[in-house]
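Engineer: Below you'll find the structure I mean.
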Amino acid sequence: MKRVYFIQANLSYGKAYYLPYATGCLAAYAWQFESINTEYEIAEFIFKRDPVEKVMAELKEPSVVAFSCYTWTFEYNKTLAKRIKEKYPDCLIIFGGHSISENVDVFPELPFVDVLMYGEGERDFKSLLEQFNTEEKDFSEIPNIAYRKDGKIYTTERKFYDNLDGFVSPYLEGYFDKIVEANPEQEFCAVIETNRGCPYNCAYCDWCYTVDIRQFPMDKVKEEIVWCSKNRVEYIFCADSNFGILKRDLDIAKFVVEVKKERGYPHIFNNCFAKNSNDTVFEISKLFYDNRLNKAATLAYQTVCDEALKNVNRKNFTMEAFSDLVTKYNEHNIPTYTEMILGLPGETYNSFCDGLCKLIEAGQQTALTVYYCQVYPNSLMGKKEYRDLHGIETAKVPLNYLHSTMPEEEDITEYTELIVATRDMPFEDMMKSIMFCTCLQCFHHIGLLKYFSIYVRHELNISYLEFYKRLLDFIFKSENTFLNELFNRFKEQCSDFSNGEWSYYNEKFGDIGWFLE
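With the first letter of the sequence shown counted as 1, position 99 gets the number 136 in my numbering; the numbers rise by one all the way through.
As structure tokens, then:
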């Protein structure tokens with residue numbers, strides 16, 4: 038039988054690793070069929086980011102090696118795939134996942150890869166294995182791939198599937214049992230899906246390959262949660278794009294709570310809440326917080342700037358509605374935090390700083406999390422026409438190993454593509470924006486000057502915007518002070534995007550990476 042290896046080499050989170058859900062889904066679907074399970078065997082799921090030479094020593098005559106490619110694995114995968122192709126030239130190398138661009142111009146940069154797969158892979162991966170087992174090895178009728186043949190590169194039709202028929206669970210079908218049994222000392226995290234799809238079309242996101250939300254059967258969802266609990270999975274990440282958008286999501290949340298009360302696991306159930314927070318989202322947030330399954334509720338905004346919202350195809354609820362939501366959560370003692378993105382086209386330095394302070398004015402006194410805008414290859418923002426239209430400039434930046442175990446010095450560096458300037462926010466303004474939001478987070482949301490700023494806002498009518506801009510100006514003018522040295526060092530490090538170290542590490546806080554600021 039032909040031997041198939043699946044590579045989903047995850048970062049570790051202390052003692053914890055994610056079970057390889059993406060590749061597990063491919064295997065669970067394909068091995069239902071006699072055309073696959075009588076001709077191929079699963080040799081191994083490689084789920085740890087072990088040194089390349091160690092992995093090479095463990096491979097035994099691979100016929101197919103399928104790689105799951107994400108921002109945090111892509112360079113590692115390329116290095117490993119190159120070594121595999123050198124040693125096993127007849128082995129079929131397949132790359133799929135979110136880091137695989139539909140633009141075949143990248144294919145010449147990957148001479149060791151035979152097939153690129155886009156979008157959902159279950160059906161197409163199964164078809165690929167079937168054709169690879171024939172004498173002709175004709176991939177031309179398999180949708181959503183690019184492949185090499187006779188020195189040429191071919192692409193097939195792009196096809197979107199409107200159902201999840203036959204998508205069985207890798208957990209329930211036993212594909213991870215061997216991993217769990219072989220690693221009794223290991224802690225595991227798990228990804229589950231209750232649905233796929235997103236009704237929105239945000240330009241910075243590559244989730245929106247279909248506007249339809251396709252639901253997995255409720256029985257399957259519940260059985261996966263029970264499996265995770267039985268196998269002492271402490272952390273479950275629900276990969277739905279908008280958890281809480283469906284009424285049944287509250288039933289799922291209630292079931293998670295029941296299972297935790299009965300068995301003690303999971304400890305955490307993390308998710309991405311529906312964009313426009315509703316009563317269902319509130320009930321779920323309260324349920325999770327009261328049962329210690331989550332520590333806070335997300336009230337995402339991304340930007341307050343109308344021009345930026347238009348450019349990224351996003352609509353927000355009103356600031357009045359946001360203020361009412363914050364008040365509602367506060368009345369029930371549920372902490373909230375608000376996410377913002379820096380670098381969206383249409384945003385200016387002034388609109389960004391003003392937007393942060395408007396959120397504080399509306400009641401967000403707990404936390405603001407500001408993310409630097411990343412460009413994903415299959416998002417609208419990743420297309421050349423979009424970049425040119427908005428004057429987007431990017432830098433290839435070493436990956437921030439946020440909350441994961443810091444890699445060894447000899448490990449392969451992973452990269453992410455960050456927006457460093459747009460037509461409306463030149464590089465200098467981007468740096469000023471970073472300094473302002475860092476100042477705001479440091480002195481307001483960590484709490485150093487929070488109550489002082491609230492006092493002067495209400496008693497002296499000095500706005501949050503004016504207060505923190507003047508504070509930042511004071512810091513940079515106060516030479517030979519600790520704050521001046523600290524902020525100048527941070528500014529210098531941020532200014533060199535391409536060579537910057539974007540993870541902060543201090544052994545006092547554990548062997549993990551943090552946001553640089």
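Don't be surprised by glycine CBs; every beta carbon is placed ideally from N, CA and C.
Quantities reported herein were computed from a predicted structural model and do not represent experimental measurements.
How big is the Cα-Cα spacing for ALA65 and GLY211?
Structural biologist: Spanning the two alpha carbons is a distance of roughly 9 Å.
Engineer: To the nearest angstrom, report how far apart ARG507 and SER490 are at their CA atoms.
Structural biologist: Near 12 Å, if we compare the C-alpha coordinates of SER490 and ARG507.
Engineer: Excluding sequence positions up to five away, which residues of its chain have a Cβ less than 7 Å from the Cβ of MET418?
Structural biologist: The residues are ALA240, TYR241 and VAL412.
Engineer: Would you mind stating whether LEU405 and TYR386 have Cβ atoms separated by less than 8 Å?
Structural biologist: In this structure, TYR386 does not lie closer than 8 Å to LEU405 by Cβ.
Engineer: May I ask you to list the residues that DSSP assigns as paired with LYS6?
Structural biologist: Only positions 38 to 554 of the chain appear in the structure, and residue 6 is not among them; the question remains open.
Engineer: Quick one: residues in its chain with C-beta nearer than 8 Å to the C-beta of ASP175, no 5 flanking neighbours on either side, listed in chain order?
Structural biologist: Correct list, in chain order: GLN168.
Engineer: Applying the criterion that 16 or more other CB atoms from any shown protein chain within 10 Å of the CB defines a buried residue, is THR475 buried or exposed?
Structural biologist: Buried, since its Cβ has 16 or more Cβ neighbours within 10 Å.
Engineer: With DSSP as the reference, identify every bridge partner of TYR105, one or two as the case may be.
Structural biologist: First, the residue type needs correcting, since residue 105 is Ser and not Tyr in the sequence shown. The partner list for SER105 (beta bridge, DSSP) reads GLY133.
Engineer: Run the CB neighbour count on MET154, radius 10 Å, all protein chains shown included, and call it buried at 16 or more, exposed below.
Structural biologist: Flag for MET154 reads buried.
Engineer: Does the separation of the CB atoms of ALA80 and LYS91 fall below 8 Å?
Structural biologist: Result no, Cβ atoms of ALA80 and LYS91 do not sit closer than 8 Å.
Engineer: Using 8 Å as the Cβ pair cut-off and three pairs as the minimum, do the region 263 to 280 and the region 306 to 317 touch?
Structural biologist: Yes, they touch.
Engineer: Are there 16 or more other CB atoms within 10 angstroms of the CB of TYR488, so buried, or fewer, so exposed?
Structural biologist: Result: exposed.
Engineer: Does DSSP put VAL258 in a helix, a strand or coil?
Structural biologist: Reduced to three states, the DSSP call for VAL258 is helix.
Engineer: Any idea which residues DSSP pairs ARG233 with across the strands?
Structural biologist: DSSP lists ARG251 as partners of ARG233.
Engineer: Under DSSP, the alpha helix (DSSP H) around TYR423 begins and ends at which residues?
Structural biologist: Taken as a continuous stretch (DSSP letters only), the alpha helix (DSSP H) holding TYR423 covers 421 to 427.
Engineer: Name, in chain order, the residues that DSSP records as bridge partners for LEU436.
Structural biologist: Paired residue(s): none; LEU436 is not in a bridge.
Engineer: Roughly how many whole angstroms lie between the Cα atoms of THR403 and ILE131?
Structural biologist: One C-alpha to the other measures close to 45 Å.
Engineer: Alpha carbon to alpha carbon, how far is SER416 from ASP243? Give it in angstroms, no decimals.
Structural biologist: Cα-Cα distance, rounded: 4 Å.
Engineer: Consult DSSP for ASN525 and reduce its assignment to one of helix, strand or coil.
Structural biologist: Three-state result, ASN525: helix.
Engineer: Give me the DSSP bridge partner(s) of ILE371.
Structural biologist: Its beta-bridge partners do not exist; DSSP assigns none.
Engineer: Any beta-carbon of chain D closer than 8 Å to the one on ASP127?
Structural biologist: This model lacks chain D altogether, as it is built from one protein chain only.
Engineer: Let me know the alpha helix (DSSP H) ranges lying completely inside the region 443 to 531, each 4 residues or longer, listed in chain order.
Structural biologist: If we require 4 residues or more, the alpha helix (DSSP H) runs fully inside the region 443 to 531 come out as 464 to 477, 487 to 496 and 501 to 514.
Engineer: Near ARG300, which residues of its chain fall below 6 Å by C-beta distance, leaving aside the five closest residues on each side in sequence?
Structural biologist: Hits under 6 Å: SER266.
Engineer: For LEU497 and LYS433, what's the separation of their Cα atoms in angstroms?
Structural biologist: In a straight line, the C-alpha of LEU497 is about 45 Å away from that of LYS433.
Engineer: Might you give, ordered along the chain, the residues of its own chain that have their beta carbon closer than 6 Å to the beta carbon of SER164, omitting 5 neighbours on each side?
Structural biologist: Result list for SER164: ILE179, in chain order.
Engineer: Do you know how far the Cα of GLU194 is from the Cα of CYS342?
Structural biologist: Approximately 38 Å between the Cα atoms of the pair.
Engineer: Taking VAL150 and VAL101 to be in contact with their CB atoms under 8 Å, please state how far apart those CB atoms are, rounded to whole angstroms.
Structural biologist: Not really, about 12 Å apart at Cβ, beyond 8 Å.
Engineer: Is ASN472 buried or exposed, if buried means 16 or more other CB atoms sit within 10 Å of its CB?
Structural biologist: Note that residue 472 is Met in the sequence shown here, rather than Asn. Per the 10 Å Cβ criterion, buried.
Engineer: I need the straight-line Cα distance from ASN437 to THR75, nearest angstrom please.
Structural biologist: One C-alpha to the other measures close to 43 Å.
Engineer: Please report the straight-line C-alpha distance between CYS394 and ALA334, rounded to a whole angstrom.
Structural biologist: Using only the alpha carbons, I get a separation of about 20 Å.
Engineer: Are the beta-carbon atoms belonging to TYR113 and GLU398 less than 8 Å from one another?
Structural biologist: In this structure, GLU398 does not lie closer than 8 Å to TYR113 by Cβ.
Engineer: Just checking my contact of SER138 with GLN45 at CB under 8 Å: how many whole Å lie between their CB atoms?
Structural biologist: Not quite, the Cβ-Cβ distance comes to about 19 Å (not below 8 Å), so this is no contact.
Engineer: Where does LEU27 sit, in a helix, a strand or coil, going by DSSP?
Structural biologist: The shown model of the chain, from 38 to 554, leaves out residue 27, and the question about it has no answer.
Engineer: Starting from LEU405, follow its DSSP beta bridges and name the residues at the other end.
Structural biologist: Paired residues: THR375.
Engineer: For PHE513 and PHE359, what's the separation of their Cα atoms in angstroms?
Structural biologist: For PHE513 and PHE359, the distance between alpha carbons rounds to 34 Å.
Engineer: Buried or exposed for TYR191, going by 16 or more other Cβ atoms inside 10 Å?
Structural biologist: TYR191 should be labelled exposed.
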